[in-house]
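So the structure is just underneath, and the comments pick up after that.
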Amino acid sequence: MKTIIIAAPNSGSGKTLITLGLIRAFRNKGLKIASAKIGPDYIDGRFHEAASGQPCINLDYWAMGFEVCAARLAELGKGQDLVIIEGVMGLFDGPDGAKGSTADLAEKLGIPIVLVVDAARQAQSIAALVQGFTNFRPSLNFAGLILNRVASDRHMSLLLRALAKNAPKILGIMRHNDSHVLQSRHLGLVQAMENQELEAFIETVATGVARETILDRFVESAFDFTNQFQISEFDLPPLAQTIAVAQDIAFAFAYPHFLNGWRNAGAELSFFSPLNNEAPKGDAIFLPGGYPELHAGKLASNSKFLDGLRQFRGLIYGECGGYMVLGDGLIDKDGTKHAMAGLLPLTTSFATRKLTLGYRQLFPLTGPFKQTMRGHEFHYSTIENQTSGAPLFHAQDASGHDIGRIGQRVGQVMGSYAHIISVAP
Numbered sequence: 072m073k074t075i076i077i078a079a080p081n082s083g084s085g086k087t088l089i090t091l092g093l094i095r096a097f098r099n100k101g102l103k104i105a106s107a108k109i110g111p112d113y114i115d116g117r118f119h120e121a122a123s124g125q126p127c128i129n130l131d132y133w134a135m136g137f138e139v140c141a142a143r144l145a146e147l148g149k150g151q152d153l154v155i156i157e158g159v160m161g162l163f164d165g166p167d168g169a170k171g172s173t174a175d176l177a178e179k180l181g182i183p184i185v186l187v188v189d190a191a192r193q194a195q196s197i198a199a200l201v202q203g204f205t206n207f208r209p210s211l212n213f214a215g216l217i218l219n220r221v222a223s224d225r226h227m228s229l230l231l232r233a234l235a236k237n238a239p240k241i242l243g244i245m246r247h248n249d250s251h252v253l254q255s256r257h258l259g260l261v262q263a264m265e266n267q268e269l270e271a272f273i274e275t276v277a278t279g280v281a282r283e284t285i286l287d288r289f290v291e292s293a294f295d296f297t298n299q300f301q302i303s304e305f306d307l308p309p310l311a312q313t314i315a316v317a318q319d320i321a322f323a324f325a326y327p328h329f330l331n332g333w334r335n336a337g338a339e340l341s342f343f344s345p346l347n348n349e350a351p352k353g354d355a356i357f358l359p360g361g362y363p364e365l366h367a368g369k370l371a372s373n374s375k376f377l378d379g380l381r382q383f384r385g386l387i388y389g390e391c392g393g394y395m396v397l398g399d400g401l402i403d404k405d406g407t408k409h410a411m412a413g414l415l416p417l418t419t420s421f422a423t424r425k426l427t428l429g430y431r432q433l434f435p436l437t438g439p440f441k442q443t444m445r446g447h448e449f450h451y452s453t454i455e456n457q458t459s460g461a462p463l464f465h466a467q468d469a470s471g472h473d474i475g476r477i478g479q480r481v482g483q484v485m486g487s488y489a490h491i492i493s494v495a496p
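In my numbering, the protein residues as written are 72 to 496.
See below:
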């Protein structure tokens, strides 16, 4: 199989949009296309799936380790003509003091990089930026450049002259288009499942990408990837034999590989919608993260859902947004407190905001988890107050800095702000 990485100097350069356009443009040409997203991202992968019609996987070098990333990529690429991998943040951005950036994974796997450069508000200076990125780590292989948000023919001429010497070949020149914008909110793009016009949008972007890039050169530049590693059995045991998983626009942050691992270990998963006031059924409940803070009033009025949690006698595990709903109350952005399940002595607030972002090494202190795990936190809500409850994890960041004890457990109910990605490699 052939594979290539789409990266950028920084977030906001347009790499997600161009990745979606490339995926659909190749699909429209009749190629079998699969995709992957580097890093701990729940949202972009669902856009990939809308564009490709295929599952999108996460490749997280820091959390999973190289062998698992390589094996998962090889498994994804079976029967595919091309695998397109979207990078995370800027090319060299990753965990502090540890391997995990897009550049780290590209170097280790030997996959060439297409660098998407936002040309808006730049002219000759673009040459310095490109030379800096392409020469910073000589071991990296750059297949070419895509110049994005080019304003005019004159602007294009200035850029091309500046890049005429000592720059990778230019694979595309994308003109600025005000309609080529995906809406965002506090945790990233507005979710694919919330975008009623997504199909038409992807087709429009794909038309532009097919017109303004040289598609054949992407295939020619892609790396013939082979792999000798085998995916090991999922090491995180299922919570129970039958697991009810919350799934709707308020609870969508569940990694596919996480759920598939439970299935492969023999667990049966069922899905229910808290926003539709559905009660869970099973031996255990998993409440993944998402956007409960945007739907707190509706969730508080959904008695069938909340009573289903309160009356449940099996294990209940919540991550981030799911953890917030297990608490006594959730304060929305306007300062209104909404009663939640009341199963953990915890009140969280979206009115008092503070960005918490970073990888986490998780050492279980209680609960069903036995192995050291790796995960991440990404939230703006804060803990307004909390009282009794045994801590769930002892946590460190990616550099080994001690964060302390996080999360809570009361009886069979437990959770934390951390999202588990993988058993630690």
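Glycine included, C-beta positions come from ideal geometry on N, C-alpha and C. Every value quoted in this text rests on a predicted model; they were computed, and no experiment measured them.
Check                                                                                                           : Outcome
Segment limits, alpha helix (DSSP H) that includes D27                                                          : Beyond the ends of the chain as shown, which are 72 and 496, falls residue 27; an answer cannot be given.
Same chain, Cβ closer than 6 Å to V221, neighbours up to 5 away in sequence not counted                         : A190, M227, I244, R246
Beta-carbon proximity of P439 to L386, cut-off 8 Å                                                              : yes
Pick from F163, G85, Q301 that is closest to F19, judged by C-alpha positions                                   : The first residue shown for the chain is 72 and the last is 496, placing residue 19 beyond what the model contains.
Beta-carbon separation (whole angstroms), L147 vs A105, contact threshold 8 Å                                   : 5 Å
Every unbroken alpha helix (DSSP H) within the region 198 to 238, with a cutoff of 4 residues, ordered by chain : 224 to 233
The ligand NAP heavy atom lying under 7 Å from the CB of G486                                                   : For the ligand NAP, the structure offers nothing, since it holds no ligand at all.
Rounded separation between A422 and S172 - CA only                                                              : 33 Å
Straight-line gap, A495 to Q432 (C-alpha atoms, nearest Å)                                                      : 8 Å
Coarse secondary structure for M444, derived from DSSP in three states                                          : strand
Within 8 Å, strictly: CB atoms of R480 and T437                                                                 : yes
For E364 and G406, the rounded distance between their alpha carbons                                             : 11 Å
Neighbourhood of P359 by C-beta, 6 Å cutoff - its chain only, sequence neighbours within 5 removed              : F322, F324, A325, E390, G393
Segment contact, 8 Å Cβ cut-off, at least three pairs: the region 116 to 124 with the region 262 to 271         : yes
Alpha-carbon to alpha-carbon, F296 and N456                                                                     : 50 Å
Boundaries (first-last residue) of the beta strand (DSSP E) holding M160                                        : No beta strand (DSSP E) holds M160; DSSP gives it neither H nor E.
Beta-carbon proximity check, L211 vs A169, cutoff 8 Å                                                           : no
8 Å Cβ cutoff met for L426 and Y451                                                                             : yes
C-beta contact flag for F449 and L258 at 8 Å                                                                    : yes
Whole-Å CB distance - F163 paired with L186, under 8 Å assumed                                                  : 12 Å between Cβ atoms; not a contact.
Residue range of the unbroken alpha helix (DSSP H) whose run includes R282                                      : 269 to 283
Cβ pair count under 8 Å reaching 3, the region 327 to 336 against the region 285 to 295                         : no
Segment contact flag, the region 84 to 98 with the region 304 to 314, C-beta cutoff 8 Å, min 3 pairs            : no
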